[in-house]
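Heads up, the thing below is written out as structure tokens.
2 protein chains.
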Amino acid sequence: MNTSATQKMDIQKVESSRIGQVDFDNLTFGSTFSDHMFECDYKDGAWQNPTIRPYGNLSISPGAKVFHYGQAVFEGMKAYKDDQGKIWLFRPEENFERINKSSKRMAIPEFPHDLFFEALTTLVKMDKEWVKSGLGNSLYIRPFVMATQVGVSASPSTDYKFMILTAPAQAYYTGDVKVIVADHYSRSANGGVGAAKAAGNYGAQFYPTNLAREKGFQQVIWTDDSEHKYLEEAGTMNVFFRINDTLLTAPVSDRILDGVTRKSVIDLAKHNNIDVDVRPVLVSELVEAAKNGSLKEIFGAGTAAVISPVSAFSHKDVVYELTKPEDSFSTRFKKELMDIQHNIGEDPYGWRFEVL
Amino acid sequence: MNTSATQKMDIQKVESSRIGQVDFDNLTFGSTFSDHMFECDYKDGAWQNPTIRPYGNLSISPGAKVFHYGQAVFEGMKAYKDDQGKIWLFRPEENFERINKSSKRMAIPEFPHDLFFEALTTLVKMDKEWVKSGLGNSLYIRPFVMATQVGVSASPSTDYKFMILTAPAQAYYTGDVKVIVADHYSRSANGGVGAAKAAGNYGAQFYPTNLAREKGFQQVIWTDDSEHKYLEEAGTMNVFFRINDTLLTAPVSDRILDGVTRKSVIDLAKHNNIDVDVRPVLVSELVEAAKNGSLKEIFGAGTAAVISPVSAFSHKDVVYELTKPEDSFSTRFKKELMDIQHNIGEDPYGWRFEVL
Ligand SMILES: Cc1ncc(COP(=O)(O)O)c(C=O)c1O
Ligand SMILES: Cc1ncc(COP(=O)(O)O)c(C=O)c1O
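This is how it looks when you write it as structure tokens:
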């Protein structure tokens, strides 16, 4: 596998931008793409022909392994524009490391560090007009890798395509979220691929999430698949619980994604002298705390929504409502994170990364 | 969802067949496709525009959900040509039912029965020269469905593409197979998608299977993810154990695929007055039986390889060798199944389905 020096990038610019046709005040998350995309192929044991070209269709065989065996991984990150017009990323090294960790678990060759950053920054710079300033606005960045070898036999692909798409985004969730605590379906197995951002993990959640929606809940809080005893993730976010003034969250494992927002929240909390208890959290504790009034907050943490407060949870058909406290942790963390991301507040952690 | 009457199929024939360029004595499984393929799109809540056209590339957005969320399912079946030139399928209703069961679990709309069979039989008839007679030869048939809506947000697609590809095939495995009994990695979770032929299940197995290969084993026998105590599947096959003269196999569950070959083997065994015990099979029983000499055979069962005898298994780094007995069950089942499939023997079960 070649993860060495970057090759010269081929850059093909759009003849005219599509930006004039976009209504930036009414964006559906992840469905409008900016002018350019990055593409790089793996064949003969090396990543080849890094190219930035106008966003557009791929010509691909229906026999490509990605369609049949889900050999694909992705990342999600954001670029933010501050009021001075500077563009920032948030902890991009974490996403770089994680995509390669995901790739490894999915038997996909790792992508070279320098080429990842060159592609990312060149692409964002080329489409800088697509990054809008203002709190909550961002350019969502989607690096991903897919298996492109043609062959319907279940073995790892010899060929891959690494791509980066970008899509302008406003705030992801509107309003509070009601969740159901899973007690039948699960998202990941011990020794499985839950800790990887593997494509198939997400499609597998759609059906149980639909069932939750039919009952009036937006997301599922996933529990361990063996006994549904431990609280693990909320939809596609990590999940935090505040009991009295202590913040609880599950340790990462091979079932739980090591979220960048999660680890940032843990650091923010410690910096704010909030007690953080990273340990397996029992469903029974949550129910008990809801009943005795010590459960103050539940919130999801992830790049798309940043922090997503949960207003109610259901467990075995009993619904427990939550009232956001005055001194809400989720509100505080969301503000502190967004201030750092948008270059409004101090960044004592060194999380911001300047693109332009 | 529209699963009602079939629409008129659009048929576009190749101008000249590629069949002359194919070396039918040296086929790599699943990598040479016949002249035509079937394609049908789901949009606005209905399956539309069923089309048979020359095998060739798709033009598809890199933002299509299949690439990001693995919302995709597939089937695997075979057509056989007998010595009179007649073409047969094996229990195709099972595959039809299973693809819709898989689709349901993956939040994909079901495909209509009559259109499935019309597409399948029309396609096989058009490419009938690609089905070669002779025991072990077949046309492998790959129906599959992928999410085509453009959007990088993790929610079910509104649009899908159902396709059928076909690929001429010789025998799948050559020689006996050595396997490792999983005691760290797993293929499926309780309440997960293991019982579905969901694309992501397969990509997820590549890395642990690579690790097994590096140690000189071809496949992994998957165990339950909670305790690695129960024997569940062998690679992408169901698995049988013969202890003394009893045949053991795990019951199907939400972790185990309901294989057509598996259920056929169970029926063949019963018909042959062999004791079949469908119950959870312990790893410890297997090891014990290997030690005391009562373990006579292990074999995988699946469409691609039909029956795949296992010549050795490794558990916690101890290797147990097997010698195929004179009265091998696996040899007998393989012969009986292939005789039915190729229209050589009687078919008291009504499993053969005449295409042409
Ligand atoms: C399953 C899952 N958990 C948690 C997260 C949160 O991770 P991050 O904060 O890095 O976005 C994600 C991705 O967004 C995810 O897909
Ligand atoms: C995981 C898994 N188990 C078992 C089988 C065997 O099923 P069948 O006999 O229907 O081919 C398959 C598919 O071939 C499979 O993918």
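In the order they appear, the protein sequences are chains A and B.
Here this note's numbering is used: the first residue of the first sequence is 5, the next is one more, and so on.
Here this note's numbering is used: the first residue of the second sequence is 5, the next is one more, and so on.
Glycine residues also receive a C-beta, built at the ideal position from the N, C-alpha and C atoms.
From a predicted model like this one, the values you see are computed outputs, not experimental measurements.
By the neighbour-count criterion, in which a residue is buried when 16 or more other Cβ atoms sit within 10 angstroms of its Cβ, Leu127 of chain B is buried. Not one beta carbon of chain B lies nearer than 9 Å to the beta carbon of Pro172 of chain A. Counting along the chain, the unbroken beta strand (DSSP E) around Phe244 of chain A starts and ends at Met241 to Ile247. Here DSSP, grouped into helix, strand and coil, assigns Tyr189 of chain B to coil. For Met81 of chain B, the enclosing beta strand (DSSP E) has its first and last residue at Met81 to Lys85. In the structure shown, Asp343 of chain A adopts helical secondary structure according to DSSP, grouped into three states. For the beta strand (DSSP E) assignment, the uninterrupted runs of no fewer than 3 residues enclosed by the segment 257-328 of chain A are, from N- to C-terminal side, 279-282, 299-306, 310-319 and 322-325. Residue contact with chain A for Thr55 of chain B: absent (no Cβ-Cβ distance below 9 Å to any residue of chain A). Annotated three-state conformation of Thr227 of chain B is strand, per DSSP. Tyr189 of chain B and Met110 of chain A have their C-alpha atoms some 12 Å from each other.
Using a CB distance below 8 Å, the part of the segment 97-127 of chain B facing chain A consists of Lys108, Arg109, Met110 and Ala111, ordered along the chain. Think of a sphere of 7 Å around the beta carbon of Tyr234 of chain A: no beta carbon from chain B falls inside it, the nearest being about 13 Å out. In this structure, DSSP gives Thr253 of chain A an extended state, which the three-state scheme calls strand. Taking every protein chain shown into account, the CB of Arg283 of chain B has fewer than 16 other CB atoms within 10 angstroms, so this residue is exposed. For a cut-off of 8 Å, the C-beta gap from Ile145 of chain A to Lys105 of chain A is around 18 Å, too long to register as a contact. In the DSSP assignment, Met130 of chain B falls within the alpha helix (DSSP H) that extends over His117 to Met130. Against chain A, a Cβ distance below 8 Å from Leu169 of chain B picks out Pro66, Gly67 and Val156. Listed by position along chain B, the residues whose Cβ is nearer than 7 Å to that of Gln223 of chain A form an empty set, because the closest Cβ is around 11 Å away. Contiguous beta strand (DSSP E) elements confined to the segment 14-87 of chain B occur at 40-47, 50-58, 62-64, 76-78 and 81-85, taking only those with 3 or more residues. Per DSSP, reduced to three states, the secondary structure at Thr170 of chain A is strand.
Annotation: Cβ neighbours of Gly195 of chain B in chain A (cutoff 7 Å, chain order): His188, Tyr189, Ser190 and Asp229. When 7 Å is used as the limit between beta carbons, Phe78 of chain B is near these residues of chain A: His72, in chain order. Identification of chain A residues near Ser257 of chain B by a Cβ-Cβ cut-off of 8 Å yields none; the smallest Cβ-Cβ distance measures about 12 Å.
Taken in chain order, the members of the segment 200-225 of chain A whose beta-carbon sits within less than 9 Å of a beta-carbon on chain B are Ala200, Ala202, Ala203, Gly204, Asn205, Tyr206, Gly207, Ala208, Gln209, Phe210, Tyr211, Pro212, Thr213 and Asn214. The segment 342-356 of chain A and the segment 74-91 of chain A touch, with three or more beta-carbon pairs separated by less than 8 Å. Rounded to whole angstroms, Met13 of chain A and Lys267 of chain A show a C-alpha spacing of 34 Å. Closer than 8 Å to some heavy atom of ligand 2: that does not describe the Cβ of Met342 of chain B.
The beta-bridge partner set that DSSP reports for Trp92 of chain A consists of A:Tyr84 and A:Glu358. Taken from the Cβ of Val70 of chain B, every heavy atom of ligand 2 lies 8 Å or farther away.
Counting the other Cβ atoms within 10 Å of the Cβ of Glu330 of chain A gives fewer than 16, which makes it exposed.
Taking a contact to require three or more Cβ pairs closer than 8 Å, the segment 267-282 of chain B and the segment 242-255 of chain B qualify as touching. Sequence-distant Cβ neighbours of Ser318 of chain B in its own chain, meaning closer than 8 Å and more than five residues away, are Lys182, Val183, Ile184, Val185, Lys219, Phe221 and Tyr324. Here Phe333 of chain B is not near Ala293 of chain B, since their CB atoms are 9 Å or more apart.
Taking a Cβ-Cβ cut-off of 8 Å, the neighbours of Asn61 of chain A in chain B comprise Ser63, Ile64, Ser65 and Pro66, given in sequence order. In terms of beta-carbon proximity, Glu330 of chain B stays away from the interface with chain A, with every pair separated by 9 Å or more. If you look at Ala216 of chain A, you'll find it in the alpha helix (DSSP H) that goes Ala203 to Glu218.
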